[in-house]
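Just below is one structure, and these are the notes that go with it.
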Amino acid sequence: MAWLGFINLYMVRVNLSVIIVAMVRRNETGASTAPCLTIANATQGITSDSQDNEETEEQSSIATYEEGEMVWDERTQGFVLAGFYYGYATTQIVGGRLAELYGTRWVFGTCILAGGICTVLSPIAARTHYGILIALRVIQGIFQGASWPSMHACVARWIPPLERSRFIASVYFGATLSTALTLPLCGVIIAAHGWAAAFYVTGALSLAWCALWFAFMHDSPRQHPRISGEELRYIEDALQASGTSSNRSTKLPLKSILTSLPVWAIVVGDVGNTFGLNLFLTQLPTYMKNILGFSIRKNGIVSALPFLLRYTGALTWSNLGDWLIRKGHLSVRKSRKLFSVIAMWGPGVLIIGVVYSGCNSQAIVSLICLALFFNGAVTASITVNHTDIAPNFSGTLFGIANTFCSFGGFSVPVMVGYMTDGEQTPGQWQKVFWIFIPVYMVSEIFFLVFSSGSVQPWNDGEAGERRENAVDSELDVLKGQDVKT
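What follows is the structure, encoded as structure tokens:
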């Protein structure tokens, strides 16, 4: 259910990235023809008489979505795409804390319920005024801002430490798989029924999921009516050994959190990661359309490929990371640092290749796919590190980090909009890509220096009891040994 929840969560979040391509008239984007498509046609001597049936159909598709209803320039489009993140930044911390105190069931479920309602109302808002659509996206962001932190609190109460990387890769990265599914799905729907239908379908799917979530979700193993006694004992013993408290009222050690370098290492690393990720989440379909000249169907499919590879990478790296820790080849600390290098420096280097690929669409798509495959390693490093250092407050830590991460969500679309306003050229997009390379590199250095893999002394709140290595304790439980606390 959580996996499907993240699919729906991102479905109503990223759908606008491809829908806006069909909503807006092309002659308002500052370019009548994609530069790379023009260059390719001139170089190959392509004329309209030499097009086969497939190419003629693709041109028809391009013509269909280029004549959108909305007369919005790049700056306006940037603000529309950023609207979600203006609200998203406001509820990160409160969402995590609410889930720690009252459970994930209602917090996470309400997030997706509100997102579904806002999505269904989006066509009416857009046709009335773009400001109303922005306001609706802000409201959606306010509700959905609590979603990820609330699930982190659930992970700390349900998932033993040695299984968390794999859980996060398979469940959390349902969001990445959702992007890979949503972009082509919206492309097909738009081509057949228009852009408004894409909003209606994705919103309705989220509303249907909510009914199942509220019927079957339980906030802790002990509350679940169908869990076996053996499984319950295993989970509770592993969580107790890792320093996870069953007391929801544990006092929040705010001062210790805000002065903790391992916490800020997660924040800085996460900000760098999501700043780059938001470039691909919000701008990739626009780049594919305005620079590479892809049709709406092809745009949806090709824009989805990097996220499908990211999901595959998440599963690959997380299983490898858990195996290395479980077998004793790497400590938690070393494992998190190793996979963070893969997740951050891998894309940073590969984006340089994108810059120098010119109009070679095959090379560009391949490099972006490989970059996001490597970026999937965040599931074995930065994304899971909150639960390593403070399982009792992992929701709050995730909320703090994601509050700062939201900066990338609302700044990237606006920045790209200003940089490409009236100038949709490969040269301008190369300048955009250059900005993200040092962001990946520098944020990773900070994470490498200051991150930790051990439970912090303030994890127990008022008790203040320190458990230096949660995973070693869990291994003792699995081996049937006495655990020293």
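Here numbering that gives the first Met the number 0 is used: position 463 in the sequence shown is 462, and no number is missing along the way. Beta carbons: idealized from backbone N, C-alpha and C, even for Gly. From a predicted model like this one, the values you see are computed outputs, not experimental measurements.
| Check | Outcome |
| --- | --- |
| Inter-residue CB distance, Arg335 and Ser450 (contact presumed, cutoff 8 Å) | 6 Å |
| Cβ separation of Ile88 and Gly144, assumed to be a contact under 8 Å, to the nearest whole Å | It should be pointed out that residue 88 corresponds to Ala in this sequence rather than to Ile. 7 Å between Cβ atoms; contact. |
| Distance, Leu260 Cα to Thr281 Cα | 31 Å |
| Classification of Ser49 by the beta-carbon crowding that lies within 10 angstroms, buried from 16 upward | The predicted position of Ser49 is uncertain, since its pLDDT is 39 and thus under 50; no value can be drawn from it. |
| Neighbourhood of Ile350 by C-beta, 7 Å cutoff - its chain only, sequence neighbours within 5 removed | Ala370, Phe432, Phe435 and Ile436 |
| Entirely enclosed alpha helix (DSSP H) segments - the segment 67-103, minimum 4 residues | 73-87 and 91-101 |
| Buried or exposed (CB count within 10 angstroms, at least 16 for buried), Gln222 | exposed |
| Whether Val154 touches Phe166 by CB criterion (8 Å) | yes |
| Backbone secondary structure at Arg126 - three-state DSSP | helix |
| Unbroken alpha helix (DSSP H) run spanning Val20, endpoints | Ala1 to Met22 |
| Proximity winner among Trp2, Val438, Val23 and Arg74, relative to Gly421 (alpha-carbon distances) | Arg74 |
| Three-state secondary structure assigned by DSSP to Pro159 | coil |
| Distance CB(Ser302)-CB(Leu204) smaller than 8 Å | no |
| 8 Å Cβ cutoff met for Ile226 and Ala21 | no |
| Outcome for Ala389 when other beta-carbon atoms lying within 10 angstroms are tallied against a minimum of 16 | buried |
| Under the three-state DSSP convention, the category Asp48 falls into | Unreliable positioning characterises Asp48 in this predicted model, as indicated by a pLDDT of 42, which lies under 50. The coordinate reading is nonetheless provided below. If DSSP states are grouped into helix, strand and coil, Asp48 belongs with the helices. |
| Integer-rounded CB distance, given that Gly193 should sit under 8 Å from Gly115 | Going by Cβ atoms, the distance from Gly115 to Gly193 rounds to 20 Å, so no, they are not a contact pair. |
| Buried versus exposed call for Tyr355 [16 or more other C-beta atoms within 10 Å across all chains shown] | exposed |
| Proximity below 8 Å, CB of Ile399 to CB of Ala376 | no |
| Span separating the alpha-carbon of Ile138 from that of Val331 | 38 Å |
| Rounded straight-line distance, which links the Cα of Ser169 to that of Ser177 | 12 Å |
| Between the CA atoms of Ser360 and Ser149 - distance to the nearest angstrom | 39 Å |
| Three-state secondary structure (DSSP) of Met216 | coil |
| 8 Å Cβ cutoff met for Ser339 and Gly268 | yes |
| Distance, Asn401 Cα to Gln91 Cα | 6 Å |
| Under the three-state DSSP convention, the category Phe409 falls into | helix |
| Nearest to Ile485 (by Cα), restricted to the options Leu278, Ile19, Met10 and Leu97 | What is shown of the chain runs 0 to 484, which leaves residue 485 out entirely. |
| Inter-stretch contact at 8 Å, needing at least 3 Cβ pairs: the segment 307-317 / the segment 403-411 | no |
| 8 Å contact criterion, which Gly345 and Asn374 should meet: CB distance rounded | 7 Å |
| Distance CB(Pro122)-CB(Phe215) smaller than 8 Å | no |
| Start-to-end residues for the alpha helix (DSSP H) that takes in Asp269 | Leu260 to Asn289 |
| Three-state secondary structure assigned by DSSP to Asp387 | helix |
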